[in-house]
Amino acid sequence: MKRFHAFTLIELLVVISIIAMLISILMPALRQARETANTVKCLSNQRQLGIMVQSYLGDSDDYYMPYANFYDASRTQTWVWSGLLWEMGYTTTAEVYVCPSLDYNYPDYSAVPPTATKYYTGPNSYPWQYVHYGYNNNHIGSNIRNPGGGRLPTARGSRIAKPSETLVMVDATGTVDRRGYYIAYDAGYAPGAGIPHVRHSGALNVLWADSHASSVGIADPNDPYVELTRWVADRDNNPWDIDN
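Just add 1228 to the spot in the sequence shown (first one is 1) and you have the numbering used here.
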């Protein structure tokens, strides 16, 4: 008659301890691998946005798209840049606007609106305004920062002095909470404006005017304007300014 060896309580505890130790070793590595994958996906999104923007430039006499259209008095035809590119067919994949590292799941603030239209649909409602990438609205998506400038004309691609060092889009959120936002302010925190968002293990991703995308390390996640210099603080060699 065969006899079966039963594990003692001590042996079971040893096995459980070994399993727990292995999990504690593997989990950080798995989290890091997932974050690396998210960063790569986000950079891929931004490169795709770069292709979309370059296509728009080719179709619009080298002018960048406006960051938004607020000129319709009835406000029934108002849109933001991301909805414009969607409506004009520069992308058929709405997920290009979604960063996998930004976990904000409130339906009213979804990066992809329930109804895929570019137009204003109600008070304070602009479809596509909660995309996860903020556009450089003050220097590229408008003419606001130039003396006497306004929302139009937008920048021309050929006017950008240093395309590889000029920011077009960046990981961004709203100033009130961590939902995505369609513009990124160039000079610090301002009510109603988007801000660069550090969401990739101490870094954020940037799309530059030459269409390359890269991660920029940020020492203090609460102040990304150290590395992405405030325009009002230093206008020379400034990543926001087309004349830098």
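From the three backbone atoms N, C-alpha and C, an ideal C-beta is built for every residue, glycine too.
Just so it is clear, the structure is predicted and the values come from calculations on it, not from any experiment.
Local conformation of residue i per DSSP, three classes
| i | result |
| --- | --- |
| Asp1469 | coil |
| Ala1383 | coil |
| Asn1266 | helix |
| Val1460 | coil |
| Tyr1356 | As written in the sequence, residue 1356 is Trp, which differs from the Tyr given in the question. Reduced to three states, the DSSP call for Trp1356 is coil. |
| Ala1400 | strand |
| Pro1351 | Caution applies to Pro1351, whose pLDDT of 48 falls short of 50 and renders its modelled position unreliable; the value that the coordinates give is listed next. Coil, per DSSP. |
| Leu1432 | strand |
| Ile1238 | helix |
| Asn1297 | strand |
| Ala1322 | helix |
| Val1444 | strand |
| Leu1330 | coil |
| Ile1423 | strand |
| Gly1416 | coil |
| Tyr1410 | coil |
| Arg1373 | coil |
| Ser1245 | helix |
| Gly1317 | coil |
| Ala1261 | helix |
| Gly1278 | helix |
| Ser1252 | helix |
| Ser1392 | helix |
| Ser1338 | coil |
| Ser1439 | coil |
Contact under 8 Å by Cβ, residue i with residue j
| i | j | result |
| --- | --- | --- |
| Ala1400 | Tyr1361 | yes |
| Gln1357 | Tyr1295 | no |
| Gln1276 | Val1324 | yes |
| Asn1371 | Leu1380 | yes |
| Ala1421 | Asn1364 | no |
| Ser1392 | His1440 | yes |
| Val1359 | Ser1310 | yes |
| Ala1389 | Asn1472 | yes |
| Thr1394 | Ile1423 | no |
Bridge partner(s) assigned by DSSP for residue i
| i | result |
| --- | --- |
| Tyr1284 | In the DSSP output, where bridge partners are listed per residue, Tyr1284 has none listed. |
| Tyr1307 | According to the sequence as given, residue 1307 is Trp; it is not Tyr. In the DSSP output, where bridge partners are listed per residue, Trp1307 has Asn1297. |
| Gly1362 | Val1398 |
| Tyr1453 | Answer is none; Tyr1453 lacks a bridge partner. |
| Tyr1291 | Arg1384 |
Whole-Å CB distance - residue i paired with residue j, under 8 Å assumed
| i | j | result |
| --- | --- | --- |
| Thr1267 | His1425 | 13 Å between Cβ atoms; not a contact. |
| Tyr1480 | Val1308 | The chain is shown from 1229 up to 1472; residue 1480 falls before or after that span and cannot be answered. |
| Ile1470 | Ala1383 | 5 Å |
| Thr1457 | Pro1467 | 7 Å |
| Gly1369 | Met1293 | 7 Å |
| Arg1406 | Tyr1332 | 6 Å |
Closer than 7 Å: residue i CB and nearest the ligand FAD heavy atom
| i | result |
| --- | --- |
| Lys1269 | With respect to the ligand FAD, the structure shown offers nothing to examine, as it has no ligands at all. |
With a threshold of 8 Å, are at least 3 pairs of Cβ atoms found where one atom belongs to the region 1435-1452 and the other to the region 1270-1278? Contact between the region 1435-1452 and the region 1270-1278 is present, because at least three Cβ pairs lie under 8 Å.
With a threshold of 8 Å, are at least 3 pairs of Cβ atoms found where one atom belongs to the region 1313-1324 and the other to the region 1279-1295? Of all C-beta pairs linking the region 1313-1324 to the region 1279-1295, three or more are shorter than 8 Å, placing the two stretches in contact.
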